[in-house]
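A.B. asks: Residue numbers (my numbering), protein chains in the order written: chain A, 1 to 509; chain B, 1001 to 1120. Once you've had a glance at the structure underneath, I'll fire off some questions.
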Amino acid sequence: MIELLPLFIAIPLGGAFLITLTAWKLKRLADILGVCASLPLLVLALLCIGNRGVYHIGAFLAPLGINLVLDGFSIILLVIVNVISFMAILYSISYMEQYTAKYKYYALFLLMVGGMNGVVLTGDMFNLFVFLEIASIASYALVAFGCEHEELEASFKYLVLGSIGSTFILLGVAVLYGLTGYLNMASIAQAVASMEKTWLFSFASVLFLVGFGIKAALVPFHPWLPDAHPSAPAPISAMLSGVLIKALGVYAITRVVFNVLGATSLFGIIIMVLGVLSMTIGVFLAVGQWDFKRLLAYHSISQMGYVVLGLGLGMFIIANKGPTLVAGMAIFGGLFHLANHAVFKSLLFLCSGSVEYQTGTRQLKELGGLQEKMPVTRVSCTIASLSIAGIPPLNGFWSKLIIVIATVQAAFLYPSMLILTAITILVSFVTLISFLKVLRYVFLGELPSLFKNIKDSSLFMCASLVMLSLLCISMGLLLIPGLRSVVFDPAVEVLKQGLDYGKQILTGL
Amino acid sequence: MIFPLCFALFVVGLYCVLTKKNVIKIVIGLTIMEYSVNLFLVLLGYKKGASFSDVQAPIIEPVTNLDDFFMKAVDPLPQAMVLTSIVIGLGVTALAIAICIRLYQRYGTFDISKMRRLKG
């Protein structure tokens, strides 16, 4: 299994190359090659579950060469990236018919997937930066894919902020290299563990926090997200919101802070504050929106706040030597919500794409009464909305419940944590209100005479909507101890180990 | 002394990105930031006493005295990193300029304060 790890990067990059080379004349070939590249990735990612190991590129051993590390935390992200990208490619077979130059779209899409797989797998700081830039550049171009006023403006804003973030990350890598003399994450972790913390070390930490914070769109760094996500074509919005901000932002910051720099209680507090800010500000900005996709984009910020809050709480408790059970619970809640958010948010963006594809508008006030015309979209959109709002049998409820329980347990140790519980529940209510508004304005009410003749979406679009809805319903099953111990427990274990994790990678897992 | 200057260059680039209204100037600011980081990386590899005339790259002649070589040679790894980062910077700049050209075609201006279709 471990020998197959480079395929996660090689297949999408090779696919992108082949598509630009061959598919510019034959339109169907681009569709076929796109599916052919993403289906094996999906299968490989599912096969990875339960495995772990280190692959040394070119057989150069760890501190000298670059290594790809497969562990519990990478596997979760790897599965999310490849499942969502397969669904998005399936969806774009029909959806992208309205654009010209479809093959360029597929090539950029696969580059983005390759970059994200690389970010998730790599065990080398500079390599992380390189893959991060591959994914980012592809996503800047994809946001501008329509080449209209709004798309270009959003893409430029995203490009400027994203490049500032990347430059901060590169400067952080450089400072860390100057301090420790290593680029390999495991070696850096070992050097950091025995090193005296100077102000330069804190400087590097701040650079990483700002850089990855911009990529993750945490609240003070969020302004690019509500413009970039609605402007992109719907499958790309689903990828950006569902996967990109997680792989490039939350995954990278968690990996660097937990396993490379080491968890400190100050860092935990900062991350928790960012999470709480994202949750509340994101949701209150979302309630007032009348643009379907813009509303969803603000909810992405808010839901990422939940993830970051769970991870920050876990970090704080670990750093203060609190009970590891509570820390594990908080981290588990954060990771579970990360996986759930990927599924329901990409489903919501795909639903908004279906509505826009058929009606030509995404202003909530101009829509209405689509429930009989578009039954599949309506059912899947309802499932996703209830899921993001946290209604019991659906997946969003379980992860929010776990985060709330973790905050309550933490409140026994630090009573001021009770405010976190209150905020989490309040934000969940506001989310529910804003999604009831979406359902009311899009699917209920009177059908405008303009939309008398519309039909439901085509086969491929419906197929990916239905599959994602089924995932939404069934992901609560991951809580069953048997499944949980295979999927989530190794990831929580990796994060709880902190700096000791480097020792394991160097000696071979 | 030279490291603070390098950081000053970084701040100049950041200032340029944050305050300028012209999109081309913003792209130039981004480039300045990137180059300051590249400069910083190269400087990290510098070693006191390393000189070009004393040491030749081992590719020309086999090194006889390894210890002496290590004392005098600079760290080659940052140079490899800088090459990669320059190529990445080229990609970003090319894309940014392409978007600027399209923006000019759509809006008829380079002024960022006049591109205000996205709100809320």
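For glycine and all other residues, C-beta sits at the position ideal for the given N, C-alpha and C.
(1) Residues bridged to Q1105(B) by DSSP?
(2) Per DSSP, Q363(A) forms a beta bridge with which residues?
(3) State the DSSP-derived secondary structure class of T100(A), mapped to helix, strand or coil.
(4) Pull up the CB-CB distance for G502(A) and A186(A), whole angstroms please, since I reckon it's below 8 Å.
(5) Quick one: which residues of the region 397–412 of chain A get their C-beta closer than 7 Å to a C-beta of chain B? List them in chain order.
(6) Is D124(A) close to chain B, meaning its C-beta is less than 8 Å from at least one C-beta of that chain?
(7) Beta carbon of P511(A), beta carbon of V113(A): below 8 Å?
(8) For H149(A), report the span of its alpha helix (DSSP H) as first-last.
(9) Please say whether L1103(B) and F156(A) have beta carbons closer to each other than 8 Å?
(10) Where does D124(A) fall in DSSP's three states?
(11) Tell me the DSSP secondary structure of H222(A) in three-state form.
(12) Using the beta-carbon count (16 or more within 10 Å), is N453(A) buried or exposed?
(13) Do V492(A) and L350(A) count as a contact pair if the criterion is CB distance below 8 Å?
(14) Look at I388(A) and G396(A) and say whether their C-beta atoms are less than 8 Å apart.
(15) Which residue comes first and which comes last in the alpha helix (DSSP H) that contains G1013(B)?
(16) Which of the three DSSP states is assigned to Y140(A) in this structure?
(17) In the structure shown, what three-state DSSP assignment does Y414(A) receive?
(18) Check the Cβ-Cβ distances between G1040(B) and every residue of chain A, and say whether any is below 8 Å.
(19) Using the Cα positions of G1029(B) and T421(A), report the straight-line distance between them to the nearest angstrom.
(20) For V1037(B), decide whether its Cβ has a neighbour in chain A, counting only Cβ atoms nearer than 8 Å.
(21) Below 9 Å on C-beta distance, what does I1028(B) contact in chain A?
(22) For Y91(A), which of helix, strand or coil comes out of DSSP?
(23) Just curious, the beta strand (DSSP E) that N67(A) is in, first and last residue?
(24) So if I threshold CB-CB distances at 7 Å, which residues from the region 427–444 of chain A count as touching chain B?
(25) Using CA coordinates, which residue listed in A138(A), L78(A), V175(A), G172(A) is at the minimum distance from L159(A)?
(26) Using C-beta distances below 7 Å, list every residue in its chain close to A286(A), excluding the 5 sequence neighbours before and after it, in chain order.
(27) If the cut-off is 7 Å on Cβ atoms, which residues from the region 130–156 of chain A count as contacting chain B, listed in chain order?
(28) Just to confirm before moving on: does the CB-CB distance between S166(A) and S136(A) stay below 8 Å?
(29) For T1093(B) and A141(A), I'd like the C-alpha separation in whole angstroms.
(30) How many Å lie between T264(A) and I318(A) at the Cα?
(31) For chain A, is any of its Cβ atoms less than 8 Å away from the one on Y1107(B)?
(32) Which residues bound the beta strand (DSSP E) around G53(A)?
(33) Which word fits R1116(B), buried or exposed, when buried means at least 16 other C-beta atoms lie within 10 angstroms of its C-beta?
(34) Along the region 172–194 of chain A, where does the CB come closer than 7 Å to a CB of chain B? Name the residues.
(35) Measuring alpha carbon to alpha carbon, tell me which residue in F292(A), N259(A), N117(A), G211(A) is nearest F8(A).
(36) Applying the criterion that 16 or more other CB atoms from any shown protein chain within 10 Å of the CB defines a buried residue, is T377(A) buried or exposed?
C.D. replies: With the given structure in hand:
(1) By 1-based counting over the second sequence, the position of residue 1105(B) is 105. Its beta-bridge partners do not exist; DSSP assigns none.
(2) As a first step, residue 363(A) must be located in the first sequence, where it is residue number 363. Paired residue(s): D291(A).
(3) Position 100 of the first sequence holds residue 100(A). Three-state result, T100(A): coil.
(4) In the first sequence, the residue the question calls residue 502(A) occupies position 502. In the first sequence, the residue the question calls residue 186(A) occupies position 186. About 4 Å; that satisfies the 8 Å criterion.
(5) none
(6) On the first sequence, position 124 is the one that residue 124(A) refers to. It does not: the Cβ of D124(A) has no partner Cβ on chain B nearer than 8 Å.
(7) The structure shown has nothing for residue 511(A), since chain A only spans 1 to 509.
(8) Start at 1 with the first residue of the first sequence, and residue 149(A) comes out as number 149. First-last of the alpha helix (DSSP H) with H149(A): 149–180.
(9) Numbered from its first residue, the first sequence carries residue 156(A) at position 156. Numbered from its first residue, the second sequence carries residue 1103(B) at position 103. Against a cut-off of 8 Å, the Cβ pair of L1103(B) and F156(A) comes out as a contact.
(10) As a position in the first sequence, residue 124(A) is number 124, starting the count at 1. Of the three classes helix, strand and coil, the one that applies to D124(A) here is strand, per DSSP.
(11) Mapped onto the first sequence, residue 222(A) falls at position 222. In this structure, H222(A) counts as coil in the three-state DSSP scheme.
(12) As a first step, residue 453(A) is located in the first sequence; it is residue number 453 there, counting from the start. Exposed, by the Cβ-count rule.
(13) Position 350 of the first sequence, counted from the start, is the residue given in the question as residue 350(A). Position 492 of the first sequence, counted from the start, is the residue given in the question as residue 492(A). For L350(A) and V492(A), no; Cβs fall outside 8 Å.
(14) Your numbering for residue 388(A) matches position 388 in the first sequence. Your numbering for residue 396(A) matches position 396 in the first sequence. Result yes, Cβ atoms of I388(A) and G396(A) sit closer than 8 Å.
(15) Here residue 1013(B) refers to the residue found at position 13 of the second sequence. Its alpha helix (DSSP H) spans residues 1002–1019.
(16) On the first sequence, residue 140(A) is found 140 positions in, with the first residue counted as 1. Residue state, collapsed to three classes: helix.
(17) Reading the first sequence from its first residue, position 414 is the one you call residue 414(A). Here Y414(A) sits in coil by DSSP.
(18) For this step, residue 1040(B) is matched to residue 40 along the second sequence. Sequence check: residue 1040(B) is Phe here, not Gly. At least one chain A Cβ lies under 8 Å of F1040(B).
(19) Here residue 1029(B) is taken as the residue at index 29 of the second sequence, counted from 1. Here residue 421(A) is taken as the residue at index 421 of the first sequence, counted from 1. Between G1029(B) and T421(A), the C-alpha separation is close to 43 Å.
(20) As a first step, residue 1037(B) must be located in the second sequence, where it is residue number 37. Closer than 8 Å: yes.
(21) Stepping through the second sequence from its first residue, residue 1028(B) is reached at position 28. Within 9 Å Cβ-Cβ: nothing; I1028(B) doesn't reach chain A, min ~12 Å.
(22) Your numbering for residue 91(A) matches position 91 in the first sequence. DSSP places Y91(A) in helix when its eight states are reduced to three.
(23) Translated into positions along the first sequence, residue 67(A) becomes position 67. Counting along the chain, the beta strand (DSSP E) containing N67(A) begins and ends at 67–70.
(24) none
(25) By 1-based counting over the first sequence, the position of residue 159(A) is 159. Here the closest residue by C-alpha is A138(A).
(26) Numbered from its first residue, the first sequence carries residue 286(A) at position 286. Hits under 7 Å: L295, Y298, H299, S302, S434.
(27) V130, E133, I137, Y140, A141, A144, C147, H149, E150, L152, E153, A154, S155, F156
(28) Translated into the one-based positions of the first sequence, residue 166(A) becomes position 166. Translated into the one-based positions of the first sequence, residue 136(A) becomes position 136. Yes, these two residues count as a Cβ contact at 8 Å.
(29) Position 93 of the second sequence, counted from the start, is the residue given in the question as residue 1093(B). Position 141 of the first sequence, counted from the start, is the residue given in the question as residue 141(A). The straight-line gap from Cα to Cα measures roughly 12 Å.
(30) For this step, residue 264(A) is matched to residue 264 along the first sequence. For this step, residue 318(A) is matched to residue 318 along the first sequence. Each residue's Cα considered, the two are about 8 Å apart.
(31) Looking up residue 1107(B) in the second sequence gives position 107. True, the Cβ-Cβ gap to chain A drops below 8 Å.
(32) The residue you call residue 53(A) lines up with position 53 of the first sequence. First-last of the beta strand (DSSP E) with G53(A): 53–56.
(33) On the second sequence, position 116 is the one that residue 1116(B) refers to. So R1116(B) counts as exposed.
(34) A174, Y177, G178
(35) Within the first sequence, the letter at position 8 stands for residue 8(A). Among F292(A), N259(A), N117(A), G211(A), the Cα nearest to that of F8(A) is on N117(A).
(36) Here residue 377(A) refers to the residue found at position 377 of the first sequence. T377(A) comes out buried.
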